[in-house]
Amino acid sequence: MIFDWPEILVPQDVAVLPPRATTGLSRSLNGFTQAAPAIRPPFGLKLPFGNLFGDEVKAWRAMMALFEGQANTVRVPLFDLWHRAKDSAIGAHLVPWSDGATFSDGAMHMASDLEGVTVSGVQGQRTFTADFGQYGQLLEAGLYFGLGEHPYIARRVWWEGSVATIETTPSFRSAYVNEPLKLKPTMIAGLVDDDQGELMLRRARYGAPSLELVERFV
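Numbering (the working numbering), first residue to last: 59 to 276.
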């Protein structure tokens, strides 16, 4: 089961661990090291929280109950609020559904991310292009973006007008055909172990937990 991250829970600090290309680095007695390549390395996420009170405590408890240890996963934002493009630049706007349909009264729904910026490519591809059109040059090296439920980080970006050539880490998780590019990426993640998420309540009222998550491929 995949559930959505509770909006009321905002971490105090955020550490996003990018995918590591190697695992198992070890050093021998003679000083040589050896590392094995990681076939499909995941993102990691470390989230320390300040004190939670009232409804925040209840939301935390409910979330941890939904995890059921490592059985279920959460759709979690990367909390990259200060470094991505501003909401005013992304531009919240009204759009129809993907098939062009609207509500029965003609109303449309609110989109809070890019609209019409799409990406196509094959699994394992490292470099691709995307036309940002009227949005302009919103993506820079070092920013996160999303394709579907997969987060990526732009490690190099070249612009020619509104068209960006982007080199990404990791390489494409899957093949994409006209996949919308998101500047507010989410990640499907699970607990790194069953003992994550302990909430010790001081004076039985408030507490400052932490959580460590790892990307899951579903």
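Where a beta carbon is used, it is the ideal one built from N, C-alpha and C, also for glycine. From a predicted model like this one, the values you see are computed outputs, not experimental measurements.
By a C-beta neighbour count over all protein chains shown, 10 Å radius and 16 as the cutoff for buried, is residue i buried or exposed?
{"i": "Val175", "result": "buried"}
{"i": "Thr223", "result": "exposed"}
{"i": "Phe190", "result": "buried"}
{"i": "Ala188", "result": "buried"}
{"i": "Glu65", "result": "exposed"}
{"i": "Phe161", "result": "Note that Phe161 has pLDDT 48, beneath the 50 cutoff, so the model's placement of it is unreliable and the number below is only indicative. Phe161 is exposed by the Cβ-count criterion."}
{"i": "Arg263", "result": "exposed"}
{"i": "Lys144", "result": "exposed"}
{"i": "Gly265", "result": "buried"}
{"i": "Phe47", "result": "Absent from the model: residue 47. The displayed extent of the chain is 59 to 276, so no value can be given."}
{"i": "Leu259", "result": "exposed"}
Would a C-beta distance cut-off of 7 Å place residue i and residue j closer than the cut-off?
{"i": "Ser172", "j": "Val74", "result": "This sequence places Leu at residue 172; Ser is not what is there. No, they are not a contact pair."}
{"i": "Ala233", "j": "Val276", "result": "no"}
{"i": "Leu139", "j": "Asn130", "result": "no"}
{"i": "Leu67", "j": "Ala117", "result": "yes"}
{"i": "Ala199", "j": "Val177", "result": "no"}
{"i": "Pro100", "j": "Glu256", "result": "no"}
{"i": "Ile291", "j": "Arg133", "result": "Outside the shown range of the chain, which is 59 to 276, sits residue 291, and nothing can be said about it."}
{"i": "Leu239", "j": "Ile148", "result": "no"}
When DSSP labels each residue in this structure, what does residue i get in the three-state scheme?
{"i": "Arg186", "result": "Here the sequence assigns Phe to residue 186, which means Arg is not the residue at that position. Phe186 falls in the strand class under three-state DSSP."}
{"i": "Lys240", "result": "strand"}
{"i": "Gly191", "result": "helix"}
{"i": "Phe125", "result": "helix"}
{"i": "Ala120", "result": "helix"}
{"i": "Val134", "result": "strand"}
{"i": "His167", "result": "The pLDDT assigned to His167 is 45, lower than 50, so where the model puts this residue is not dependable; a value taken from the coordinates is nonetheless given after this. Correct three-state label for His167: strand."}
{"i": "Val153", "result": "With a pLDDT of only 47 at Val153, under the threshold of 50, the placement of this residue in the model should not be trusted, and no figure is reported."}
{"i": "Gly206", "result": "coil"}
{"i": "Ser146", "result": "helix"}
{"i": "Val115", "result": "helix"}
{"i": "Arg78", "result": "coil"}
{"i": "Met59", "result": "coil"}
{"i": "Glu270", "result": "strand"}
{"i": "Gly255", "result": "coil"}
{"i": "Glu173", "result": "coil"}
{"i": "Gly179", "result": "strand"}
Am I right that residue i and residue j are in contact with their C-beta atoms under 8 Å? What's the rounded C-beta distance?
{"i": "Leu103", "j": "His141", "result": "About 16 Å separates the two Cβ atoms, so there is no contact after all."}
{"i": "Trp217", "j": "Gln195", "result": "5 Å"}
{"i": "Pro76", "j": "Thr244", "result": "So it is not a contact: roughly 16 Å between Cβ atoms."}
Next on the checklist: Quick check: the stretch 103–113 against the stretch 191–207, are at least 3 beta-carbon pairs closer than 8 Å?
Outcome noted: no
Checklist entry - When the Cβ atoms of the stretch 248–255 are set against those of the stretch 178–195, are three or more pairs found closer than 8 Å? => result no
Checklist entry - Does the stretch 254–271 come close enough to the stretch 113–122 to have 3 or more Cβ pairs within less than 8 Å? => result yes
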